[in-house]
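Protein chains in written order, with my numbering: chain C, 1 to 231; chain E, 1 to 231.
Glycine included, each C-beta is placed from N, C-alpha and C at the ideal position.
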DNA sequence: TTTACATAGTGTAAAAAATACACATTATAT
DNA sequence: ATATAATGTGTATTTTTTACACTATGTAAA
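This is the structure:
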């Protein structure tokens, strides 16, 4: 391939699948690329890792530069290393997923010029993405599903105070299947890490639901032993 | 740090945790390094990824060169990217675990000069390893435990024909806890992917146990749906 | 103030899965 | 014949999961 663009021999990058939950839908934040290769395509936010930063730090930095977002839950899930996955050279990429409370981040402006803009896309109708990013996305959601059952992932995607219905909708969105309301509530409450608040939902034109909080301390007290085994 | 050794700016490597099961114990194959850094230390087999090979291919190649072993089950589990994890320069390493039937591979001779020798170590008494390899090992066994419950990992570690007691010992070794014999057998058999053979164990000085085979085809027929969800 | 609406919130019975538990059987070696 | 060492087996109890439908409540509109 001859593009006239600079080539590099080999590098590592981070790519990031940023999940959010809004309007009952699971969404992913994509960027519209402003540079070749794949200029004008949608892609996952990502960039090269510098030599003096750990991959964790790089993930945090890159995400910040491309989305102006900080302090979200991030986790590595797979590394992609096909030789030809990047058209300009050998780039091995470590993929992370990030979970954010979309609320208040509906409009996310990239800081660098590398991305024209960003926008949230429902996971069920993602466009064709640059590089091998569709594959990376597929892997991410499979990992997310699996981890949902043994890590308190869901609460990273919800506002601090949430209703049980919201929680259920989120589980349904991630697992991509309907759950039974009564069984879901029974089970969630039986875990003992949800704190029922003396507060109700506001601004709805029907009976307001009770609000709950996720009690992290209790969670880790309860699952301490298991969590050591797993990862 | 000034060692007189060549430095490199940045590179990726593969490190590999090779599990085997022998004499009722879970073991890991370590190499004794023949080169600095960490010359004469025990370490996980690993080496740099070449520019023209995928990380999968690199993992296969490196393992072959260092252990003379091929065609084992390998799976990526985590990527380690601390800046200072390698004393000679920036090396990001993709860690794999590999599962082999130890039988017939009790003595493994390295092909390259890079390793002096290799030897199997029980997982419970690993020596101090070079680099961050103790951490890599810890992560590997946690992943292995988790995956044991949804992937047919155990059968990669046993001979083709095995007894239920052997299978149970292996589960106990990986999970690091005792299991109930009757319940274990009931459950394993209920899955329906074990094929009972018309053959018995040989060479034991007590009642010989029935031999079983893992029926891969059946396994995938049964767990098709689940396996799609997971990964 | 009544009514329509939309979602919240609740319990039970049945089925399935997990657990706890101990002894008779059988092949080999002496 | 006997000792030995591990194999192979069943049941009752508890826990977890599943299936299933109606009443309660707050808001908004008539």
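Under the three-state reduction of DSSP output, residue 175 of chain E falls in the helix class. When 7 angstroms is used as the limit between beta carbons, residue 90 of chain C is near these residues of chain E: 51, in chain order.
In this structure, the CA atom of residue 58 of chain E is about 7 angstroms from the CA atom of residue 14 of chain E. Think of a sphere of 9 angstroms around the beta carbon of residue 82 of chain E: the chain C residues whose beta carbon falls inside it are 54, 55 and 56, in chain order. Chain order gives the chain C residues near residue 9 of chain E as 51, where near means a beta carbon separation below 8 angstroms. Measuring C-alpha to C-alpha distances from residue 50 of chain E to each of C/212, C/162 and C/9 identifies C/9 as the nearest. Residue 12 of chain E places its beta carbon less than 9 angstroms from that of residue 93 of chain E.
Minimum Cα-Cα distance from residue 176 of chain E among the listed residues E/197, E/188, E/146 and E/160 corresponds to E/146. Sorting E/37, E/164 and E/221 by C-alpha distance to the C-alpha of residue 182 of chain E places E/164 at the top. Put simply, the stretch 103-116 of chain E touches the stretch 63-79 of chain E. At least three CB pairs are less than 8 angstroms apart. The beta carbon of residue 146 of chain C sits closer than 9 angstroms to some beta carbon of chain E.
About 6 angstroms separates the beta carbon of residue 212 of chain E from that of residue 195 of chain E, a gap short enough to meet the 8 angstroms contact definition.
Taking C-beta separations shorter than 6 angstroms and ignoring five residues to either side along the sequence, the partners of residue 116 of chain E in its chain run 32 and 34, following chain order. A residue is called buried when at least 16 other Cβ atoms come within 10 angstroms of its Cβ; residue 220 of chain C does not meet this threshold and is exposed. Beta-carbon to beta-carbon, residue 24 of chain C and residue 173 of chain C are separated by about 7 angstroms, close enough to satisfy the 8 angstroms threshold.
When only Cα atoms are considered, residue 122 of chain E and residue 29 of chain E end up about 9 angstroms apart. At least one C-beta of chain C is nearer than 9 angstroms to the C-beta of residue 12 of chain E. Scanning its chain for C-beta atoms nearer than 8 angstroms, with the 5 sequence neighbours on each side dropped, one finds around residue 134 of chain C the residues 126 and 128, in chain order. Taken atom to atom, the span from the alpha-carbon of residue 37 of chain C to that of residue 130 of chain C is near 8 angstroms. The beta-carbon distance between residue 197 of chain E and residue 161 of chain E, rounded to whole angstroms, is 6 angstroms. This is short enough to meet the 8 angstroms contact definition. The three-state reading of DSSP puts residue 82 of chain E in coil, since its state is none of H, G, I, E or B.
Contact annotation: residue 78 of chain C and residue 136 of chain C have beta-carbon atoms nearer than 9 angstroms. Around the beta-carbon of residue 95 of chain E, 16 or more other beta-carbon atoms lie within 10 Å, marking it buried. Beta-bridge annotation (DSSP): residue 200 of chain E is paired with E/210.
Under the 10 Å beta carbon count, residue 217 of chain E is surrounded by fewer than 16 other beta carbons and is classified as exposed.
In the DSSP assignment, residue 56 of chain C falls outside any beta strand (DSSP E) and within the unbroken alpha helix (DSSP H) covering 55-67. Spatial neighbours of residue 155 of chain E in its own chain (CB-CB distance under 6 angstroms, excluding positions within 5 residues in sequence) are listed in chain order as 214. Counting along the chain, the unbroken beta strand (DSSP E) around residue 47 of chain C starts and ends at 46-48. Close to residue 204 of chain E, with beta-carbon spacing below 8 angstroms, lies no residue of chain C; the smallest spacing is near 33 angstroms. Taking the beta carbon of residue 94 of chain C as reference, the chain E residues within 8 angstroms of it are 79, 81 and 92, listed in sequence order. For residue 191 of chain E, the uninterrupted alpha helix (DSSP H) segment begins and ends at 181-191.
At a Cβ-Cβ threshold of 9 angstroms, residue 63 of chain C and residue 18 of chain C count as neighbours. Taking each of C/222, C/16, C/159 and C/26 in turn and checking the Cα distance to residue 120 of chain C, the smallest one comes out for C/26. Bounds of the beta strand (DSSP E) holding residue 116 of chain C are 115-122. Annotated three-state conformation of residue 30 of chain C is strand, per DSSP. Beta-bridge pairing by DSSP links residue 20 of chain C to C/27.
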